[in-house]
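As structure tokens, the structure follows; a few thoughts come after it.
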Amino acid sequence: MNLLQKYMNRDHEGVPAGMVMEVSGASYVVISENGHEYRCRTFPGTKTENGDSTLVAVGDRVELKVIETGTALHEAAITLVLPRQSALTRKRDVRRNRSKEKVQVIAANIDQLVVVVSAFDPPLSTRLIDRYLVFAESEEMEIVIVVNKMDLEDSTETRKLMKPYKALGYRVVYTSAEEKRGMGLLRKALAGKLSAFSGHSGVGKSTLINLLSGQQDRLRTGETNMKTGKGLHTTTNSVMLALPKGGYIIDTPGIREFNLSGITRDNLRFYFREFLSLMQKCSYSSCSHTVEPGCGIMRAVEDGRLDPDRFESYLAIYESID
Ligand SMILES: Nc1nc2c(ncn2[C@@H]2O[C@H](COP(=O)(O)OP(=O)(O)OP(=O)(O)O)[C@@H](O)[C@H]2O)c(=O)[nH]1
Ligand SMILES: [Mg+2]
Ligand SMILES: [Zn+2]
Numbered sequence: 003m004n005l006l007q008k009y010m011n012r013d014h015e016g017v018p019a020g021m022v023m024e025v026s027g028a029s030y031v032v033i034s035e036n037g038h039e040y041r042c043r044t045f046p047g048t049k050t051e052n053g054d055s056t057l058v059a060v061g062d063r064v065e066l067k068v069i070e071t072g073t074a075l076h077e078a079a080i081t082l083v084l085p086r087q088s089a090l091t092r093k094r095d096v097r098r099n100r101s102k103e104k105v106q107v108i109a110a111n112i113d114q115l116v117v118v119v120s121a122f123d124p125p126l127s128t129r130l131i132d133r134y135l136v137f138a139e140s141e142e143m144e145i146v147i148v149v150n151k152m153d154l155e156d157s158t159e160t161r162k163l164m165k166p167y168k169a170l171g172y173r174v175v176y177t178s179a180e181e182k183r184g185m186g187l188l189r190k191a192l193a194g195k196l197s198a199f200s201g202h203s204g205v206g207k208s209t210l211i212n213l214l215s216g217q218q219d220r221l222r223t224g225e226t227n228m229k230t231g232k233g234l235h236t237t238t239n240s241v242m243l244a245l246p247k248g249g250y251i252i253d254t255p256g257i258r259e260f261n262l263s264g265i266t267r268d269n270l271r272f273y274f275r276e277f278l279s280l281m282q283k284c285s286y287s288s289c290s291h292t293v294e295p296g297c298g299i300m301r302a303v304e305d306g307r308l309d310p311d312r313f314e315s316y317l318a319i320y321e322s323i324d
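Just so we're aligned, residue 3 is where the sequence shown starts under this note's numbering, counting upward by one.
Have a look at this one:
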């Protein structure tokens, strides 16, 4: 339980406290500092130190009031949710948003974000990678890019697509869960940290985590059929698992889109690393790099110093923000 204690950071003065390992509907699994597992609920008196964002997310540290310890399953009420050090969040889709909550917390108190894409089926999406990178840069969060299903696509082609990311200093790990390749490097990137896996549905997040946890059938994995959409969204709630050699991983449900929260048309440009030096050459200090004459960014795209695909992502995200 050493790592668990590392992630608990307050003296609770005898009040039982723990970390949320699983969220399913209104029910939560919390592991206490002394290793007991509690089935928990919140109640109208549950307090939070995180304002009006998601009340409880996987990774949250909470204080408990124990209700039942007689049976094998311990029950408790969550009395207090402690402040989050970090969080993977996204803006809710307003068209399908029935709750009042504008920003959804997917995972809390994570040390690093692991964005998982697949080389093929579903096709590799650099647009999605760029969105996650913007998020990580804006939150100053560590990020690892995992390209899974390397058995399904020409390796040289895939590596070529990923080259700009390596050039920018981002960590890229190639895996095949099917052929158990790249797992050593992935384990190394995760060791001793609390990481959240996120990405499109069907890329193999749960399959990878099963392999990493050493429990083959711990998480349900799904067949994907991109044409019919059947079998999509196999994982429906976030779960945290311990790694055999230390560290934790949070598996999260696949997402359709990653709607950025906290990003504006004004601050977006600062979260594309390679823009920072190039935009010093823009004629206007407030250049948005979309239409202005004398734009250093557009000039760099034209003469091949800036990857056109990254610039396309910038424009796409810029357009999607109002
Ligand atoms: N060929 C191949 N198939 C893989 C690989 N990894 C996972 N799969 C398959 O891809 C499908 C989807 O895997 P999941 O692990 O359920 O994907 P997921 O990302 O957890 O999906 P959601 O839970 O819906 O977000 C399953 O049929 C897996 O067997 C891989 O490296 N190569
Ligand atoms: Mg899954
Ligand atoms: Zn410009």
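The beta-carbon is built from N, C-alpha and C at its ideal position, and this holds for glycine as well.
Presumed contact (8 Å Cβ cut-off) between residue i and residue j, rounded CB distance
| i | j | result |
| --- | --- | --- |
| glycine 298 | glycine 256 | Not a contact, Cβ separation roughly 37 Å. |
| leucine 210 | valine 118 | 7 Å |
| leucine 90 | valine 64 | Rounded, the Cβ-Cβ distance is 18 Å, inconsistent with contact. |
| isoleucine 252 | isoleucine 112 | 7 Å |
| tyrosine 176 | valine 136 | Not really, about 23 Å apart at Cβ, beyond 8 Å. |
| isoleucine 265 | serine 140 | 6 Å |
| alanine 110 | aspartate 62 | 5 Å |
| serine 197 | lysine 151 | Contact doesn't hold; Cβ gap of about 19 Å is too wide. |
| serine 178 | glycine 184 | 7 Å |
| threonine 81 | lysine 93 | Actually they do not touch by this definition, with Cβ atoms about 29 Å apart. |
| leucine 115 | serine 215 | Going by Cβ atoms, the distance from leucine 115 to serine 215 rounds to 19 Å, so no, they are not a contact pair. |
| valine 107 | threonine 48 | 15 Å between Cβ atoms; not a contact. |
| serine 290 | arginine 267 | 7 Å |
| glutamate 77 | tyrosine 40 | 7 Å |
| threonine 292 | leucine 317 | 7 Å |
beta-carbon residue i near ligand 3 non-hydrogen atom, thresh 6 Å
| i | result |
| --- | --- |
| cysteine 289 | yes |
| isoleucine 299 | yes |
| cysteine 42 | no |
Cβ-heavy atom distance, residue i to ligand 1, below 6 Å
| i | result |
| --- | --- |
| threonine 236 | yes |
| tyrosine 256 | The displayed chain sequence assigns glycine, not tyrosine, to residue 256. Glycine 256 Cβ: within cutoff of ligand 1. |
| glutamate 144 | no |
| asparagine 239 | no |
| threonine 48 | no |
| alanine 109 | no |
| glutamate 65 | no |
| lysine 182 | no |
| serine 334 | The requested residue 334 does not occur in the structure, where the chain is confined to residues 3 to 324. |
| glycine 216 | no |
| alanine 121 | no |
| serine 178 | yes |
| aspartate 153 | yes |
| asparagine 1 | Only positions 3 to 324 of the chain appear in the structure, and residue 1 is not among them; the question remains open. |
| glycine 249 | no |
| glycine 224 | yes |
Ligand 2 heavy atom lying under 6 Å from the CB of residue i
| i | result |
| --- | --- |
| serine 200 | no |
| lysine 207 | yes |
heavy atom of ligand 4 below 6 Å from residue i C-beta
| i | result |
| --- | --- |
| threonine 56 | In terms of ligand content, the structure shown lacks ligand 4 and carries ligand 1, ligand 2 and ligand 3 instead. |
Tell me, please, whether the region 181 to 193 touches the region 216 to 225 by the rule of three or more beta-carbon pairs shorter than 8 Å.
-> With the cut-off at 8 Å, the region 181 to 193 and the region 216 to 225 do not touch.
Which runs of the alpha helix (DSSP H) fall wholly inside the region 168 to 207 and span at least 4 residues, in chain order?
-> Segments of the alpha helix (DSSP H) lying fully in the region 168 to 207: 185 to 192.
Is there contact between the region 264 to 277 and the region 51 to 59, where contact requires at least three CB pairs shorter than 8 Å?
-> No, the region 264 to 277 does not touch the region 51 to 59.
Alpha helix (DSSP H) runs wholly inside the region 237 to 306, at least 4 long, in chain order = DSSP runs (the alpha helix (DSSP H)) wholly in the region 237 to 306: 277 to 280, 298 to 304.
Whole beta strand (DSSP E) elements within the region 25 to 67, 3-residue minimum | With a minimum length of 3 residues, the continuous beta strand (DSSP E) runs that stay inside the region 25 to 67 are 29 to 34, 39 to 43.
Could you tell me whether the region 303 to 317 touches the region 125 to 134, using the rule of 3 or more Cβ pairs below 8 Å?
-> Touching, yes, given that three or more Cβ pairs across the two stretches are closer than 8 Å.
Which parts of the region 126 to 159 are runs of the alpha helix (DSSP H), unbroken and 4 residues or longer, counting only runs that do not cross its ends?
-> Scanning the region 126 to 159 from its first residue to its last, the whole alpha helix (DSSP H) runs of 4-plus residues come out as 128 to 141.
Report yes or no: do three or more beta-carbon pairs, one from the region 23 to 33 and one from the region 237 to 247, lie closer than 8 Å?
-> Yes: at least three Cβ pairs fall under 8 Å.
Taking the runs of the beta strand (DSSP E) that are 3 residues or longer, which of them lie wholly in the region 80 to 125?
-> The qualifying runs are 89 to 93, 105 to 110, 114 to 120.
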